[in-house]
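Residues 1 to 1597 in the UniProt record's numbering are what the sequence shown lists, from first letter to last.
Note that CB positions come from ideal geometry on N, CA and C, so glycine has one too.
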Amino acid sequence: MFSQVLEMICRPRALNENLCNNERSKALNSSLEKDKHQAASIEVQETKGFQEYAEAVTWIAEGKTDEAEAKLRNLWQSELIQNSGGIKSAGFSRSILKLRCAIEKNLAPFLSKKGQHSEAVSLYLNVCQHEPNDFPAWYSLGIEGWQSFNLTVAREAFIHARMLNPENISSLEHLASTFFVLGDYGNCLQILAEILKRRPSDIRCFVLKDEIFRRQPYLRTVGDHLFPSAEPTYSLEYQQKVIVPLDTIAKKFRRTCASLDLEPIAPPDPRHISTLVDLGDALLSVYEWLKEQSMVRLLHVATKVERFLKGLVRPVTWAGVWTFPLTQNVRERVHTEESEVPCLISVDNVASTELECSKSEGAGLTNANGWLDPAGIESPNSSNENTSRDASAAKRRSTRLIPGFRMDDFLVYGPVSSQKVCLRERLTALLPKVLTDAEQDEPMDVLEKINVAPLPDKAIMDAEFLNNESNVEVLRKFVSRCHSKPVILMLQDFLHLLTEVEGLRWPDRLRHVFLRCYDIWTCHVHDNIQSALDNESVGVVEMQCRIRLLAGELQRSLGILEDVCPSLLNMLNVVDKFQYKYFTFRIINLFLKCEKCTEDWKKTSLFYSRCQESLLMEAEPICLPNSGDVICLEKMQSEVRENTVKKLIHLVREMVSLGNVNSAISLLEKAVPESCNSDGRLIDCQLLLCDCYRQANNPSSCAKTLCKLLVFIAQRYQSINFKEKRTTWSTISSALSIASWLILENDSEVVELSTTFYRSMVGSLIDFIGFADEYPLYNQDIPDNCWTLPYILLYHLASRIEFLDLENVIGLPADHLVAHEHRMLTNSLGILKIAHETLGSRGLCTLQDGLLLDFFAEEILRTLRHPKFINQSLPGADECMLVAEQCFYCLYKYPTKRKRHLEEHDGKPAELTWSRGITVFEFLCPTKLPDFDEPSSSAIMSDLVVMLNRILEVVPAELKADPFLAKWNSFFDGELDSPPHLDSNDADVVIVGNIYYLIADHLMKNVQLKEAVPYYLRHLTICDRHFNGWSGLGVTSVGILDTRLFSLELNYSADDNAFVDYWSRRICVCFERALKLNAPNTIIRMEHAVAAYCLQSFFSRTVRKNPQMETCERDEKTAKRREFLNCVQRILNSVIEIGLSHLDSKDSWLVYYFLGKVGEKMKIYLGEMLLYYFKATYSLYMDGERCPSRIPYKSPMPRGVLERLEVFYRIHVCVQKCLYRGNPSNEEVMLAFCFLRGLHSSPFSMTNEVILDSKIQARETDSFVYRINDTVELFERGLLVIPTSAVEAAAALDSVALKQTVMDLCRDGFIACIQRFMYHYKAYYRLAFYYYSLAPTPDPALGVELLFGPIESPCLSFSTALFQTRKQGQLFENVWNYSIDDVIRGGSFKEHMYRTMELLVKMFESLENCTALCDLLLFLGKKPESDRAYLLEVDRLSCIAQLQAAIDRLVTRKFSESEDYYNKMCYYVTACRLYLNMAHLAEFNAALWKQRILAMFQLLTGNADTINMNNAILHLRSFVENSNPDANRPWKPFNHPLTKKRAGRPVRSVQSKKLKIPGASSSYGYRHYAERSTSTGSLISSEDTAFKREYTKGEEI
């Protein structure tokens, strides 16, 4: 391998150039020879090196670490590896470098284990230099950097590792720790946020984040958005466990900073310094540049930390780099925002300054590498307003489109400008007048005592700004002091100079620059000021005290305090020693502000006393404009007294926890007027007092105190600054919780309160609603109950008065009867509607798990059920329903598809509970459960079904019916006397049952039958006396049974019988239970009768289609069939007894129709059957149903047309079957003759369209017609009329002739049915059966002509045969399964098709038409698609078997009877072609036909030695090729698509233009078959290649 690489790499480049002189060529050749010699020696060394490396790796795998380490060290120190960098050959150096990297990767872990971390860092650096994409190498380099204390190397290594594999959490954790130790807190926050996105529960990240925010609070304003998730809790021990090791490493890292005598350096970036902000940014930039300078070259890392420490203490000169404004004539940089912006925590502009802080801090947040840049560049904000007329007009238009705005455009509606309707005004307009009128009662006493003290901010606002002159003066001092110093000392002087101008108001940028410089400075000075006092001069200590004190005050102004108690105590000791009372005053004030210190009662009192002593000599207030504080004796006294009140509150809470509530109330009632004379303390004490009243269950006293408290909170909220408002919301939340208990839970005990209480309470609640609506940080500071409870309480107070007014009047007020757009039933409901709209626009409407909307829905329901609003047609009822639907859409996302009137509020969906589910059910579900027989439109919608299923998931376990489902099988099997029942005293169990029923009804009416059954069973477990439940389950079971009976896979097997038995028991039990509950219901009786008739048909066919069935089983099926027949007869007779008036008039004919059919099955007297059918056709006639002369097949077909045709057909079938199946008497035959003759000439005949002129006169005869019990009475009453001559002529005939005459009448009836409806397949079958076996002279050819066509016989008065319009491969192309839903039963159509196929087989065989039999076999041979199946699969297979048997008998007999060789060959060809076309089908008996063909071939050739299929097919082929193509061939039987699929090209027909056969016809002539033997098919010609494929197929078979 190396020689090949050598030859490839060392190929000279000069060979590709055109050299013209010989010297250059010789020099090139000599150089090539030298390189080849050198490369050959290197190749040997490289091969040896690879072998030794492989041996070392093997030792590592075997655990021989010492030998492996020694081998790797020798390799590393070898000449090849050490000198490989000097070789210029790219191919060899690349190979050697790979070996070198591999050695370094394996050697570095050994060095690390021995503590040689610096050497390991060097090795990993080499690997990273040559393989920059090796993540493990960078990661290991970072680990070794920590081990060797090279934190800068570790930082860069982990940064590269993060770039290569951002998903690796370990590298991110190490990088975050590295940033934390180096003090790069901004980038550390970014990494912590990235870790928390992947592991939200990483407590260590939260500890580091909280520690960073504690040390540098100003970073919270720019980094708090990185951590949106909730913070977990952790112990102090865990915090110390995380922070202390990192701080120890950081201190050790800083302690190595030693002062060195080095040459001064100049920073690389020139700056034009004109303000103190510019100077601070420049110093920060220099510091960062010095930190990064040591990372320029990564290869020399041994002294990297030393370089970094030297760089920080190296003097920095600004001469020629930084330009300072030392004169007044320099060009000034105007910062108007710096000279005009108010104090950082100004009362009026706190929000704006905080926003400005975030903008200014975020301006330089990231640099080009994506990391936080500590030296941000301030960019002034600029606003581009478009004041054009078009923009103003668009703004006006958009304002008018916003809900809640008045349409007051000064250009359109006059001089009033567009303004938003105040939320307070909208709510006030909906309140009763008694709550909005001016107060007449005397004001409360406490309100007179409330005096809001003004805040001491005037001195702050009067402080002077840090102007340009002050900037220049400080800069001059800095230039004179810091010409060439280390950057740390420059930062110290800069901070000291700023403390000298702390009495001036600084711009916000300067405050943040001060804090950033202070954070860096504190990393390099002594942490303990006491130690500085021992080691430094007094001036240095004073300077440090000034800097630390100002930094603490600025940090406190941001609202986040560090634990500065130890530092403050040390500073206090120092300044007391030197009698710095000014500092003492400020330190004590800052100490009192510290939250952790104020909890210590003794320390607070001690410092207060010391502060009083300090103020004896100096009583002037001290103004601190940059921290927003004014220090004075009165304010300190107030703070101390506030701590006293906190102590009191703490004492009261302890008393309450011990159960001494009354003592706590007495103490507070005495202490509040005396001790609490400021706003904050009054709120705390009164709130605690109200809570004590609540615990003591004293609502009256609580109401009075709470009323005063809410008013006071509202007044105080309007007078405090934004920062204090943020903390006030927790107080408001607690007060609202007490108000909720008072108003919602103890309303009955507060009835006697005065109107003043209600007015005051309503006013305070509206104030709180307005405060929340106007609050900018609504999604951060406001508790959830502050959004929802004010609206709920306000509604409760308003609705109470509103309903009291409604009860005092008769009827409804006039304003409630006037329709207004979007008007609710009551004004108080409008309050909740406004609440939903207001909170929904902010995505807050589902706060507190949907408390507001759930309450809203319940109140709407309660209002709709109020006696005054029980009428749903009142104005506002529809609006209430729409608003309720909006509530449910926000709460539960119902409906799933948003409608037009629904708005998307983007709130979090609430959890659905059982109590809430009841409200949803009562709202959305119909008041009346739909009946089982109602149309599908009466069922509930699918969205509501999904919602009801969600409700069922939260139903309590004791109300669920699922455990009872297993018992229903025992009940239906007869093992239980009564159905399973759920006994529960809970009234809501009925709701659960109704939910089950509604879901079951929906599934049943949407034909999801099997899914509906379990819900019906659950419903009946709860409501076992529900008629519609039993009826619906019965109808559903009938549908499931029909699905199986109408299936193509029905084969009457044991599985089918078991399925039918299972569901038949359920059908009978359900219908019987339903009739016990509602006996007169004729619909259920008819459903039961039809189902029972379908079941008897199934058992009848089971017996008929299974002749091999055992006798006992046959008797059992016959008994079941007889049982169901009796059931049908019993039910229908009961319907007649109840009265047909209970039945639909258009369904009354069914009763008599089915009685007639049952009579046929039970073989009753013919006269009774005819009488039943007459009453059926009479009923249809009386309903006005007509039957036109031609019935088109269209959908929907007029009702009654096919019904009349069916009854007419059924009469003739009944007579025909009675005559040829039974042995009727002459009397019955004569009766049949008279009935048919009278029917054909009566108005009820299908051959006559006469209808009575007056239906009213016709219906008067109903009473006696339906009571006729004898067929003779029909003639006596003139309903059927027959000429006497016809009767006499019939009487003169003998029995045979009379019977034939009746048969002919039946034939005429069948012809009439076909004439009127050409798709009447049953009439075709009966007529063909007549010509085949019942005619005086049976004529099978006429029957075949009737079914197959074409119709040529003059005795048939129609032109279309049943299967005449068939296509190739599809016999049933134009056969229509017309259905009469009332009488159709499973398998009826397919059963008639099977009977027709059987009849065709018999007729073709009797005609000895082998051609037609083969054709029919090919039609049925291929299994059809499911939508084109007209036969059951078991029947299709049976027909194929019958056809094969018939063809076999016919071909075998004809072949043996033929004496002519040519005729024998014709049948031989027929057998072969049938075999070739059908052998691939599983249903075809290929073995039988193969045996037949071989037997024929042996008889034809007489040679038994050559008998095989190949010779047989060759013999067939030679005969076909040598035959006369113009001869009439009886072997031309069929032309099937299978033949075409095998052919390479379409088969040519003998009827083509090139080849004509005289006398050939395209139709089947079935009369005189010997003379008319031509066929539509064609034989395979000698020119066709299809026969070769058949021959090949025959060989394979």
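In this structure, DSSP gives W787 a helical state, which the three-state scheme calls helix.
The beta carbon of D933 sits closer than 6 Å to the beta carbons of I1083 from its chain, once the five residues preceding and following it are set aside; these are given in chain order.
C-alpha of L1416 to C-alpha of F1329: approximately 18 Å in a straight line. Take L1180, set aside five residues on each side of it, and the residues of its chain with a beta-carbon closer than 8 Å to its own are W1149, G1200, E1203, R1204 and V1207, in chain order. Within its own chain, the residues whose Cβ lies closer than 8 Å to the Cβ of C1355, once the five positions on either side in sequence are excluded, are L1342, listed in chain order. Taking the CA atoms as reference points, L687 sits about 49 Å from Q492. Proximity of the region 146 to 163 to the region 102 to 118 meets the contact definition, three or more beta-carbon pairs being nearer than 8 Å.
Put simply, the backbone Cα of A1312 is about 16 Å away from that of Y1331. Considering only S118, W138 and H117, the residue with the shortest C-alpha distance to V127 is W138. Taking the CA atoms as reference points, G280 sits about 16 Å from N468. Q544 is the residue among L1280, L510, Q544 and L1474 whose C-alpha sits nearest the C-alpha of L489.
Relative to the Cα of W1063, the nearest Cα in the group A1079, L1045, N1078 and E1433 belongs to L1045. Spanning the alpha carbons of L164 and D184 requires a straight line of approximately 22 Å. If you ignore the 5 residues before and after I766, its C-beta comes within less than 6 Å of the C-beta of R424 and L427, all in its own chain and listed in chain order. DSSP places P699 in the uninterrupted alpha helix (DSSP H) bounded by P699 to Y717. For P136, there is no enclosing beta strand (DSSP E); the residue is found in the alpha helix (DSSP H) stretching over F135 to Q147.
In this structure, the CA atom of F1389 is about 10 Å from the CA atom of L1432. Taking one beta carbon from each stretch, the region 1404 to 1424 and the region 1113 to 1122 have fewer than 3 pairs nearer than 8 Å; the two do not touch.
Here L1346 is near A1361, since their CB atoms are less than 8 Å apart. When secondary structure is reduced to three states using DSSP, S657 falls in the helix class. Taking 8 Å as the cut-off, the Cβ atoms of I1131 and A1089 count as close. Counting only the Cα atoms, R1065 lies some 10 Å from N969. Annotation for S171: the continuous alpha helix (DSSP H) segment containing it runs I169 to L182. For the pair Y795 and I831, the CB atoms are nearer than the 8 Å cut-off. With a cutoff of 8 Å on beta-carbon distance, H483 and T317 are scored as near each other. When the five nearest sequence neighbours on each side are left out, the beta carbons in the same chain lying within less than 7 Å of the beta carbon of Y758 are those of L435 and L797, in order along the chain. Nearest in C-alpha terms to F514, of all of V525, H496 and E1185, is H496.
Rounded to whole angstroms, the separation of the alpha carbons of D1056 and P909 is 49 Å.
Residue environment: D684 is assigned as buried (16 or more neighbouring CB atoms within 10 Å of its CB, all protein chains considered). If you draw a straight line from the Cα of R865 to the Cα of S737, it is about 29 Å long. The beta carbons of N785 and Q715 sit no closer together than 8 Å. Taking the C-beta atoms as reference points, P783 is found nearer than 8 Å to S730. Sequence-distant Cβ neighbours of K1299 in its own chain, meaning closer than 7 Å and more than five residues away, are L1219 and V1229.
When only Cα atoms are considered, F768 and P790 end up about 7 Å apart.
Per DSSP, reduced to three states, the secondary structure at L624 is strand. Residues T1271 of the same chain have their beta carbon placed closer than 6 Å to that of L1171, with the five preceding and five following residues left out of the count.
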